[in-house]
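Right, one structure below, let's go through it.
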Amino acid sequence: MVRIVLYLNQFFGQLGGEEAAAEPPRVLAAPVGPGRALTGLLEADEAFVGTLVCGDSYFADHPDAAAAACLDLIRPLEPDIVLAGPAFNAGRYGVACGTLAEILQRELGVTVVTGMYAENPAVELYRKQVVIVQTGLSAATMRDTLRTMLTLARKLRRGETLMPEEHGYFSQGRAMPAIAEKPAADRAVEILLAKLRGEPYRTEVVLPTFRRNAAPSRLGDLRDKLVALVTDGGLVPAGNPDNIESFAATRWGTYDIAGAERLAPEDYEVSHGGYDNRFVRQDPHRLVPLDAARQMERDGQIGRLFDKFVSTTGLSNPIENSRRLGREIAEYLRQQGVQAVILTST
Amino acid sequence: MRLQLQFHDIQSLAFGSPATLDAGTLTVDADALRAALMTDPRIADVEVQLVDAHENCRIMSIYDVVQPRCKIEPAGADYPGALSGVRASGDGITRVLRGVALTVVAPIGGRRFLNLRPPHLRDTASQSFDRYAGLHHVVVLPTPADGVTGDDWRNALRMASLRAGVHLAQSADGGTADAEEVLELQPVSEDLPRVAYVYQLHSHQMPTVPGEPVLYGDNVRYLLPTIVHPNEVIDGGLLPSYNGSVAPTYAVQNNDIVKKLYALHGKELNFVGVVVYVANQLPAERDRATLMASNLVKYTLNADGAVFTKSGGGAPNVDMALIADRCEELGVKTSLIVWETIGEGDTEDSSLFNSDRLDAIVSLGSSHFQFTFDAAERVIGGSGPDPGSEFAATSSQSLGAIDQLGGSRFTVIRH
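Protein chains in written order, with my numbering: chain A, 1 to 346; chain B, 347 to 761.
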């Protein structure tokens, strides 16, 4: 049996209107409201095992406690599928559905589908993490929406790939390989012609909007600081002991320079396929400026140079991987007491 | 400039002597082909193998794939500046063998493989996305003479691939073509939008070397943006660089942007020409190319729109985007083709440029996506214990998955 649980707010769960919005979560065994419509849509191997109801204000005012309480109440029901809402255009209800869906997916590994109207603010907050079916503005479409939510949940459980346009949910933006009907050249000329004619067109690649990283505050005086050299240009000891990939590296390494004045070309190689690295192989200081850093150390411009340099290869690295590498390197350096980094790229 | 292409369709391959093309069967004279290639003293030996398009075959370490072609008029003007002296290309008559490829395998210098059976995408069998998988292959495996290495060897391989292609095409002497096409930019209605193609020939993140033939034999090391006729692009005036182009000679000969713009010329657009340039290493070089290329598009070709393709890896995205961005600034609409570097299932795109004006971008798929190939019954050029076994590879290792000139159908969807 596929066990199905429905999450509803106080209104759809028939606890009451706004006056019941502060109600904490509880489980109702018998189907109420949309639950009754849902039971009519189930197949022979599916069972409705309970309704979880929580007041919108309660969830909004105590999101962590509410989510934890909901999790504790749902766990004994052993659901395979949880349908949350649909929340239509209700903002607090939408956020509750999104929050709960994300936690249930993560903590219980259960399949969760919710539903919202396009302008519900929770769509932008949760659509990357949660499958959100596109609904109408009001509950008039409840039955159809529930049917779609249930259909998508079944497909997800079967491991099928969903397509936003075909299946009527908000794109999660997850990249998947596909084969287009026409070669790229045809598509490029056609999209240009549409643009020239003022017809609608849609880019296949949406340029990312990067998170703005605030510049860290100035360190000021470096004369008492421990400074490290870090590069994404792929300089590694000869033989590449950590097997740092020459393309989109997944690893980074630390290499001893304690007491060393210079990097001898014969002791190093470059594991990076994206630039003309002959000049670095001739003289590694062009990438990792140990020579200049030692001079600054002697001159007292920096307190001390960290005993290792850190190296990885940035070439064509997906952002999510680059971010992980950066975080790991930063955590390592912080643990080692490094206070400043000279970052050299290519 | 008027180019007449005479197509001969190849249905099957056979060994035999003399080399002929009869009723769709291309008879390959292996000894004659070997002898032709060994006129280059840098090549010590050549092995020749024939592969039927329907075989469950895997070809490893591919250096180049060439569509067999030869010039009929003017005779001998094959790949000017590379194989012949510097002569005109894009004019006269060229014979083209269709349905067959001349494929050069070289363990040293060959970087990509081709599996004739399509791979699995996310565990499901895909339709083939690889134009080279649908072809018969005449595979040549040259061995270098003692001491021939590096750029010298890569030059020998490039010359061998061109020479072998010409040799095969000449087997059809005396035969009748199956089809013909005339490529000529006739004047068309003034009302049609004027469209240019802005073609990045090479990225000097991997600098070309002396003697590396790209544009009429020139190595384009210091090429400033210039204009060529589309016929010159596809008729041997242009060749891929040894490295870094992610497009074999076949893709240049069949440049899909040129083909598509020709197909729509006089119908939906006015194809006004091709601006060629290289991606550079130094900021001043890049700025100069940006200015000159966009000025050529806007003020010399008077284009209303332009399609852009790139070469190489990550950095040349920037060169392409800067030119496109300045074109848009000058009022020329643009579309671009790029490959992506997003991981499967990831939601965060990585792109090496950003401009609100560049809003028509076509995806060649991601270089990080993996395919699984079934075991192959026949393997050419393979090494290791079991080169025919089932294996996984990324799209950047698979020869035809990503064609930066737009000939491939692999893409990214977001779900």
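Where is the CB? At the ideal position from N, CA and C, for every residue including glycine. As the structure is a computational prediction, the values presented were derived from the model and not from experiment.
Interface annotation, B/Gly480: not in contact with chain A, CB-CB separation never under 8 Å. With a cutoff of 8 Å on beta-carbon distance, B/Thr489 and B/Asp391 are scored as near each other.
Excluding residues up to 5 positions away in sequence, Thr254, Tyr255, Asp256 and Ile257 lie with their Cβ nearer than 7 Å to the Cβ of A/Lys308 in the same chain. A direct Cα-to-Cα measurement between A/Gly115 and A/Ala29 gives close to 22 Å. A/Val123 is outside the set of residues whose beta carbon lies under 8 Å from a beta carbon in chain B.
By the C-beta criterion, the region 402-410 of chain B is judged not to be in contact with the region 536-546 of chain B, since fewer than 3 inter-stretch pairs fall below 8 Å.
Beyond the five residues adjoining it in sequence on each side, B/Val451 comes within less than 8 Å, by CB distance, of Ile405, Met406, Ser407, Ile408, Tyr409, Val485, Val486, Leu487, Ile726 and Gly727 in the same chain, given in chain order. Listed along chain A is no residue with a C-beta nearer than 9 Å to that of B/Asp720; the closest approach is about 17 Å. Within the region 184-199 of chain A, Ala184, Ala185, Asp186, Arg187, Ala188, Val189, Ile191, Leu192, Leu193, Lys195 and Leu196 place their CB atoms closer than 7 Å to a CB of chain B, listed in sequence order.
Between A/Ala264 and chain B, the shortest Cβ-Cβ separation is not below 8 Å. A/Leu222 carries a coil assignment under DSSP once its states are collapsed to helix, strand and coil.
In this structure, DSSP gives B/Phe459 an extended state, which the three-state scheme calls strand. Within the region 317-341 of chain A, Asn317, Pro318, Ile319, Glu320, Asn321, Ser322 and Arg323 place their CB atoms closer than 9 Å to a CB of chain B, listed in sequence order. Judged by DSSP in its simplified three-state form, A/Met1 adopts coil rather than helix or strand. With a threshold of 16 other beta carbon atoms within 10 Å, A/Gly85 meets it and is buried. Relative to the Cα of B/Ala428, the nearest Cα in the group B/Glu393, B/Val560 and B/Asn641 belongs to B/Val560. Closer than 8 Å at the C-beta level to chain A, one finds these residues of the region 542-575 of chain B: His550, Gln551, Met552 and Pro553.
Using a C-beta cut-off of 8 Å, the region 612-626 of chain B makes contact with the region 543-551 of chain B, since at least three inter-stretch Cβ pairs fall below that distance. The beta carbons of B/Val494 and B/Arg380 sit no closer together than 8 Å. In terms of Cβ geometry, A/Ile179 and B/Gln473 form a close pair [threshold 8 Å].
For B/Gln473, the secondary structure class from DSSP, reduced to helix, strand or coil, is coil. In this structure, A/His272 places its C-beta atom within 8 Å of the C-beta atom of A/Gly234. For the region 643-656 of chain B, residues whose beta-carbon sits nearer than 7 Å to a beta-carbon of chain A comprise Asp650, Gly651 and Val653. Looking at the DSSP output, A/Cys54 bridges to A/Asn9. Taking a 10 Å sphere around the C-beta of A/Asp45, we find fewer than 16 other C-beta atoms and assign the residue as exposed. Residues of the same chain with a CB within less than 7 Å of the CB of A/Glu102, apart from the 5 flanking positions on each side, are Tyr126, Gln129 and Val130 in chain order. When rounded, the separation of the alpha-carbon atoms in B/Asn589 and A/Ala153 is 47 Å. The C-beta of A/Lys195 has 16 or more other C-beta atoms within 10 Å across all chains shown, which makes the residue buried.
Within the region 121-152 of chain A, the residues whose Cβ lies closer than 7 Å to any Cβ of chain B are, in chain order, Lys128. Per DSSP, the beta-bridge partners of B/Ser681 are B/Val653. Under the three-state reduction of DSSP output, A/Phe59 falls in the helix class. Around the beta-carbon of B/Pro453, fewer than 16 other beta-carbon atoms lie within 10 Å, marking it exposed. For B/Gln473, the chain A residues whose C-beta falls within less than 9 Å of its own C-beta are Ile179, listed in chain order.
In chain order, Pro183, Ala184 and Ala185 make up the part of chain A whose C-beta sits under 8 Å from the C-beta of B/Gly753.
A/Glu204 has a beta carbon lying within less than 8 Å of a beta carbon in chain B.
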